[in-house]
Amino acid sequence: MREVKSATFSNQLTVLSMTVSAILWSQMAMAAEELPSTTLQTITVTANSSVREKVQENGVYIEDYTPAQQASHLSDFLNVVPGVTVGGTSAVNQRIRIRGLEDSNLKVTIDGARQEGKLFYHMGDLTLDPDLLKQADVAVGNNSVTLGNDAIGGAVAFKTVDAADLLKPGQRIGAKLHAGYASNNDELLTSATVFAAPTDNIDLLAYYGKRDTNSGEDGNGRELFEDSKSENILLKAGAYIADDHHIGANFSQTEKKGIFPFRPDFPSRNDAPIPQQVKRDTYGIDYKYNPSNPLIDVDTNVYQTKTRILRDSEYLTDPGFDFNAQVKTTGAKIQNTSNIATNVGTHKLISGIEHYKKESEMERDFVKTGSDEATNTSVYLEDQWQMGKFSLTPGVRYDRYKSPDFIAGGKTYDNVVGALAASYEIAPLTQVFASYTQLFNGPDLSQTIFNSDGDNTYVNNDLKAEEGSNAEVGIITTLRDLTVAGDALQLSGKYFETNIENYIEFVRSGGTRPGLNCGNGQPVGACQGVVNKDEDYKIKGVELAADYKMNNFSMGLSYSRARSKGEDTGYSIPSVTGSSSESGDKYMVNLAYAPTETTDIGWRSTYVASVMPNTGENDIEKPSYNVHDIFMNYSPKQIDGLKATLGVYNLFDEAYASHSSRLNPIDDVTTDFEKGRNIKASLTYQF
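Its first residue numbered 75, the sequence shown is counted upward by one per residue in my numbering.
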């Protein structure tokens, strides 16, 4: 019985293509809009967004991407982005990885609110139902000083739906009803959205959704245990004050209760399942000021988000295994964009200041056992300078990061990083680019369940912050009128190298684990804590894409590869959340065809090559797998606003585990297998 989560995403190959092309200035942004978009998605390129952001962050609307319309897990749409994988079969165990780096090295936001901290290494840290979403921006790698701390591997920015996205021209009030069913785990989703614009300057939205999930099974018929019910709420209000000011407020909540395996990443293990609850509450206020003055375009947001895992001690016989683990993040960000024209080109200056605090708190048997916090304040400036066919983007950022008391003794890190990117149009619709970005990541909070106010913990007062760099080079070109008039083929390629120094590793103690010396942190002892690895790591890889569109047919091909290696041992980057950080080379094919004005059909194939082990303790063999999905949309002309979707996912009932999931090559019981064949049907009616 298990659930999976969804969202709003994109075909991996178009994301990469647009990612690369977007490094151009506004003139190239307009050209990019004319390029072929992947058959299964629409990518938004806006002329006023940051060039450096557009290199990595491209919006994909869920309504325009067929598989994502029926997604119940983040992997259902994020996995199609080159360099991105999502592990964890259950919705309470989904974990995003970018180029092998886990979410502790990624910046993840929901409507601008940072989702910080780590809760429990057998469960995921992001509680989010895709049915709330309209769009997500993915930064594959860090290529901008605007991303900041916790973004060594990149970033994912989720955006929930607004009333303006649903209201038709001249419409004052409307509603959207949605129902979906999945056969593998008898999952039933029902939701309703009401949206309105009572006046020309006010918009309102209210959403409520329920998702009931039973146990599913993998391709070999093994039960993937889960019996859960979830509720989702989204409330939004916005108002224009005069013509230049806009203020908005939002609240979103995802709450999932049910019976799960004691360790959700071991869904087939014989441990007795227990009642558990995961919950996220996010509050936000945003303010935008955009007068006719080209020097002023202010975007501000203030937020608080809280994520919790709760186990009820009433059902547990072993003391200490019940817990209430919670992470709360409070923050604010102000950013201004100025457009300046000079005799030697145009400048887009992006300046900003950001501050946030993350706090963790742990209770066992209703007794508080520990709490900790960390704060970060940063300022940044980026200049996108366009001179004809050539663009140059320097940037600088300053971070002042106060570390957690029981991780690094509350040590404060003052750090300055810089970035430089350039692009050149070597021929019409052909661009080459290169970028270099320095990286910084202060020590994160401990996993909340291990928070004990320093008891049995080695506090590392000499801990260094993670640092490094990310360098990328690439090319993109578009060829038109190849076979028929109006067709287009977009080709793109990127090579990257990410260097990480002072990699921070969490070392557990107890049982057969060696632990750390409580006094000096040397290996073998009774304490747990964090240490810097003795060696630096390098991640190398490529991301290639081809995207073809002709009339009502489109095709996309993509390939991505990322490999990490320690400079001394050759081992890959260690992973605390299961198996190694390595994923096999990923090949993807997407085909879509619209035989009529009312019907769209599509096919997606994903092949992930095997990974052979090195000699490191974290390196294991990961088998290859090949998964196929087919789907169809139908919107009858007779009923305006009605849309039906039918799909068969994992068509050939492949038994496999994602390379980003808990994976044990010699023990199926401790492997987090994906669901087998799954038939999904959904119906949406908007009026």
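Beta carbons: idealized from backbone N, C-alpha and C, even for Gly.
Sequence-distant residues of the same chain with beta carbon closer than 6 angstroms to residue i, five excluded per side
| i | result |
| --- | --- |
| E131 | Reliability of the predicted coordinates at E131 is poor, the pLDDT of 45 falling under 50, and the value obtained from them is presented with this limitation in mind. These residues qualify, in order along the chain: D211 and A213. |
| L309 | A280 and F325 |
| F747 | D292 and A731 |
| S679 | V663 and H702 |
| N535 | G483 |
| Y723 | D703 and N752 |
| G312 | D277 and G322 |
| I247 | A270 |
| N258 | G290, K749 and N752 |
| V372 | Y363 and N410 |
| T572 | N544 and I613 |
| D286 | L262 and K303 |
| I427 | I408 and V453 |
| Y699 | V682, E728 and Y730 |
| R354 | T201, T328 and T381 |
| Y510 | L494 and A545 |
| A225 | K181 and N216 |
| D610 | E575 and E641 |
Enclosing alpha helix (DSSP H) for residue i [first to last residue]
| i | result |
| --- | --- |
| A238 | A237 to L240 |
| S149 | S149 to L152 |
| F480 | D479 to A482 |
Among the options, the one whose alpha carbon lies nearest that of residue i
| i | options | result |
| --- | --- | --- |
| T551 | V581, T522 and Q505 | Q505 |
| N450 | T403, Q350 and E579 | T403 |
| E261 | T159, A666, S302 and D529 | S302 |
| G162 | A253, E300, R285 and H252 | E300 |
| V685 | R637, L665 and G715 | R637 |
| Q189 | A229, F580 and Y611 | A229 |
| F507 | D224, V155 and G548 | G548 |
| I500 | N364, T467 and G462 | G462 |
| F336 | T328, N375, V376 and F397 | F397 |
| P597 | R582, Y611 and E609 | R582 |
| G528 | L455, K233, M436 and H733 | M436 |
| L298 | A406, S164 and N217 | S164 |
| V235 | I184, P243, G676 and H421 | I184 |
| G469 | H421, G589 and H429 | H421 |
| L590 | E575, N606 and N576 | N606 |
| N625 | V650, A668 and G593 | A668 |
| V533 | I578, P588, N594 and Q168 | N594 |
| N179 | D674, I647, F726 and K711 | I647 |
Unbroken beta strand (DSSP E) run spanning residue i, endpoints
| i | result |
| --- | --- |
| F232 | G228 to T234 |
| I740 | Unbroken run through I740: none, as it is neither H nor E. |
| D446 | V441 to M461 |
| D286 | I276 to T287 |
| Y195 | No beta strand (DSSP E) holds Y195; DSSP gives it neither H nor E. |
| L757 | N752 to Q760 |
| L384 | V372 to R385 |
| G714 | Note on residue identity: the sequence assigns Asp, not Gly, to residue 714. Looking at the DSSP string, D714 is not in any beta strand (DSSP E), and its letter there is neither H nor E. |
| E787 | Beyond the ends of the chain as shown, which are 75 and 761, falls residue 787; an answer cannot be given. |
| I647 | Run containing I647: none; DSSP gives neither H nor E here. |
| D203 | From DSSP, D203 is part of no beta strand (DSSP E); its letter is neither H nor E. |
| E579 | I578 to V581 |
| Q505 | T504 to N515 |
| P697 | Neither: P697 is in no beta strand (DSSP E) and is coded neither H nor E. |
| I321 | H319 to F334 |
| T220 | T220 -> no beta strand (DSSP E), and no H or E assigned at all. |
Cβ-based neighbour list, residue i, same chain, cut-off 7 angstroms, excluding 5 preceding and 5 following
| i | result |
| --- | --- |
| Y661 | Y633 and Y681 |
| Q101 | Any answer about Q101 is weak, because its pLDDT of 28 lies below 50 and its placement is not dependable; what the coordinates show is given next. So the list is empty, once near-sequence residues are dropped. |
| Q512 | V491, G492, A493 and S543 |
| I315 | I321 |
| T159 | N153, R171, S657, S732, H733 and S734 |
| D318 | Y363, N364 and P365 |
| S709 | T672, L716 and K717 |
| N576 | K538, A539, E540, E541 and N606 |
| S123 | Its pLDDT being 30, under 50, S123 is placed unreliably by the model, and nothing is read from it. |
Inter-residue CB distance, residue i and residue j (contact presumed, cutoff 8 angstroms)
| i | j | result |
| --- | --- | --- |
| L251 | A266 | 5 angstroms |
| K432 | V401 | 6 angstroms |
| F514 | N223 | 6 angstroms |
| L445 | N525 | What sits at residue 445 in the sequence shown is Ser, not Leu. Confirmed, about 7 angstroms. |
| D339 | H147 | Rounded, the Cβ-Cβ distance is 14 angstroms, inconsistent with contact. |
8 angstroms CB neighbourhood of residue i in its chain, flanking five on each side removed
| i | result |
| --- | --- |
| D659 | Y633, S634, R635, V682 and A683 |
| L737 | G652, S653, I694, K696, A731, T745 and D746 |
8 angstroms Cβ cutoff, residue i in contact with chain C
| i | result |
| --- | --- |
| A142 | Looking for chain C here will not work: only one protein chain is present. |
Checklist entry - Do the stretch 411 to 420 and the stretch 483 to 497 make contact, defined as three or more Cβ pairs closer than 8 angstroms? => result Output reads no: the stretch 483 to 497 does not touch the stretch 411 to 420.
Next on the checklist: Using a Cβ distance threshold of 8 angstroms, determine whether the stretch 333 to 348 contacts the stretch 356 to 366, with at least three qualifying pairs required.
Outcome noted: No contact exists between the stretch 333 to 348 and the stretch 356 to 366.
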